[in-house]
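A.B. asks:
2 protein chains.
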Amino acid sequence: MAHAALEDVRALTFDVFGTVVDWRSSIVGEGQALGARLGVSLDWAAFAEAWRAGYQPAMARVRRRELPWTNIDGLHRRILDQLLDERRLVWPEPDIAEFNRVWHRLLPWPDSVAGLQRLKKAFTITTLSNGNLSLLVDMARHAGLPWDCVLSAELFHHYKPDPQVYLGAARLLDLAPEQVMMVAAHPSDLRAAAACGLRTAYVPRPLEHGPGGPMEPWEEGEFDLVAEDFVALAEKLGA
Amino acid sequence: MAHAALEDVRALTFDVFGTVVDWRSSIVGEGQALGARLGVSLDWAAFAEAWRAGYQPAMARVRRRELPWTNIDGLHRRILDQLLDERRLVWPEPDIAEFNRVWHRLLPWPDSVAGLQRLKKAFTITTLSNGNLSLLVDMARHAGLPWDCVLSAELFHHYKPDPQVYLGAARLLDLAPEQVMMVAAHPSDLRAAAACGLRTAYVPRPLEHGPGGPMEPWEEGEFDLVAEDFVALAEKLGA
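Respectively, the protein sequence lines represent chains A and B.
The first sequence maps to residues 1 to 239 in this note's numbering.
The second sequence maps to residues 240 to 478 in this note's numbering.
(1) What are the residues in the region 381 to 410 of chain B lying within 8 Å of chain A by C-beta distance?
(2) Using beta carbons (cut-off 8 Å, strictly below), is ALA336/B in contact with chain A?
(3) Put ARG344/B into one of helix, strand or coil per three-state DSSP.
(4) Which bits of chain A does THR363/B rub up against, with CB to CB less than 9 Å?
(5) Between LEU173/A and chain B, is there a C-beta pair that is closer than 8 Å?
(6) Output needed for ASN339/B: all residues of its chain with C-beta closer than 6 Å, excluding positions within five of it in sequence on either side, in chain order.
(7) Given a threshold of 16 other Cβ atoms within 10 Å of its Cβ, counted over all protein chains shown, does MET240/B qualify as buried or as exposed?
(8) Answer with buried or exposed for SER134/A, where buried requires no fewer than 16 other C-beta atoms within 10 angstroms of its C-beta.
(9) In this structure, does DSSP put MET1/A in helix, strand or coil?
(10) Return the first residue and the last residue of the beta strand (DSSP E) that PHE14/A is part of.
(11) Alpha carbon to alpha carbon, what distance is there between PRO187/A and GLY18/A?
(12) For the alpha helix (DSSP H) containing SER264/B, list its first residue and its last residue.
(13) By DSSP's criteria, TYR398/B is part of a beta bridge. Which residues make up the other side?
(14) In whole angstroms, give me the CA-to-CA distance for ARG87/A and HIS209/A.
(15) Give me the DSSP bridge partner(s) of ALA184/A.
(16) Could you pull out every residue in the same chain whose Cβ sits closer than 6 Å to the Cβ of VAL341/B, ignoring the five residues on either side in sequence?
(17) Among ASP22/A, ALA184/A and ARG64/A, whose alpha-carbon lies nearest the alpha-carbon of THR127/A?
(18) Under 6 Å Cβ to Cβ from SER112/A, same chain only, skipping five residues before and after it: list those, please.
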């Protein structure tokens with residue numbers, strides 16, 4: 001194992017959107033199929049990016065209590081309604097409701113399932129996502145993600161990066177923060193976890209926003225581990 | 240499927256202690272090993288029954304707010320300390336702490352894993368136990384229980400049979416109560432679930448309290464389904 005400090009790690013908590021699953025390609029794929037059926041021609045990659053871009057501001061409104069607690073299905077639907085409105089698109093309600101649930105059907109990165117299976121042998125593995133519990137459960141069933149349990153911001157009525165989420169997960173797992181390692185493709189998520197005392201593993205996903213897309217800046221040495229994918233992470237953790 | 244009303248069922252929520260796992264034999268087995276090591280001779284079956292018997296009164300104290308919220312690990316430890324005290328047994332603290340965690344290592348009934356694997360193909364399957372989350376996660380890893388997620392009374396700060404637990408589970412699963420079926424070996428648990436609108440499946444476990452041990456009374460037709468084990472339940476649900 002890379003450092004002695006990591007010997008105490010018992011559980012790995014995973015960010016999901018972008019870290020475990022490739023939201024962009026999944027939305028583009030389902031969008032193209034829906035577009036063909038409805039006779040709508042759209043730039044689905046741009047649509048997916050706009051949908052995802054609405055997510056942080058929507059959570060910030062919940063954090064500022066401008067909105068009552070609303071789970072991610074609810075926030076995704078508010079953003080989707082607005083995107084359709086802006087584009088003057090009128091779709092049948094059942095199609096909108098079904099497309100909103102594309103987030104329940106996101107597909108994993110190629111290494112995710114194999115890496116998780118290997119990591120599960122040595123560590124408790126759980127989601128720690130802003131996605132709501134039913135979304136994460138549906139996704140796990142659909143994608144074959146072998147979680148030991150499903151933890152969500154919804155359980156704490158706080159969204160990451162609020163500390164209640166990281167500390168709440170450690171408490172439910174009956175572990176000290178330093179026995180928990182947050183795994184994410186987003187440096188900001190890892191910094192918030194580290195501020196709560198969790199260990200951190202950065203798994204960059206350079207294709208999250210498509211080839212050549214933007215990535216959050218980070219510095220060498222900032223995280224406890226850096227691994228190119230979940231199989232490499234298992235290797236580095238001796239799992 | 241047995242009735243039309245069950246066609247809407249999407250998720251099965253399982254009671255755990257006694258329904259999925261055989262707490263009595265597991266405690267007797269670990270107790271005997273511990274007794275041999277410490278040179279203590281005890282009636283371990285009686286000890287297991289006494290430990291389990293302390294559970295409802297302890298939860299009732301939490302329900303009446305005589306105790307602040309205390310999870311099952313905490314309640315089990317209070318009861319264990321009292322049992323040792325009554326028997327004038329003085330064990331080393333690490334042995335007491337380790338024995339208290341026997342509930343994390345309970346072994347499944349012979350049909351549990353095979354039945355759950357089959358039910359999982361057709362339904363979302365989750366715990367809905369008074370056991371705390373880390374206990375249920377450890378047990379699932381130890382016993383190979385293939386849950387889609389782990390739901391616990393701990394998430395709601397209410398113990399079954401309080402309605403908050405059954406309704407809280409349906410809400411987190413994003414299902415109406417009638418889309419959720421409670422599976423339990425205890426009629427009282429099922430009646431409380433039914434009062435919240437959940438469907439019910441009774442799986443009697445005649446050996447829960449040992450051969451010829453007591454079982455809660457119930458009436459024919461009281462539950463939506465009765466099955467002799469989880470494999471028979473899968474059969475009856477067409478899974």
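Ideal placement from N, C-alpha and C gives every residue a C-beta, glycine not left out.
Quick caveat, the model's predicted, so the values are computed rather than measured.
C.D. replies: Result, derived from the coordinates:
(1) TRP386, ASP387, CYS388, VAL389, GLU393 and LEU394
(2) no
(3) helix
(4) SER134, VAL137, ASP138 and ARG141
(5) yes
(6) HIS315, ARG316 and LEU319
(7) Low confidence applies to MET240/B: its pLDDT is 46, below 50, so where it sits in the model is not reliable, and the reading given next is rough at best. Counting Cβ neighbours within 10 Å, MET240/B comes out exposed, since fewer than 16 surround it.
(8) buried
(9) Its pLDDT being 46, under 50, MET1/A is placed unreliably by the model, and the measurement read from it follows with that caveat. MET1/A falls in the coil class under three-state DSSP.
(10) 11 to 14
(11) 12 Å
(12) 262 to 277
(13) DSSP lists no partner for TYR398/B.
(14) 22 Å
(15) TYR202/A
(16) ILE266 and GLU269
(17) ALA184/A
(18) VAL20 and PHE230
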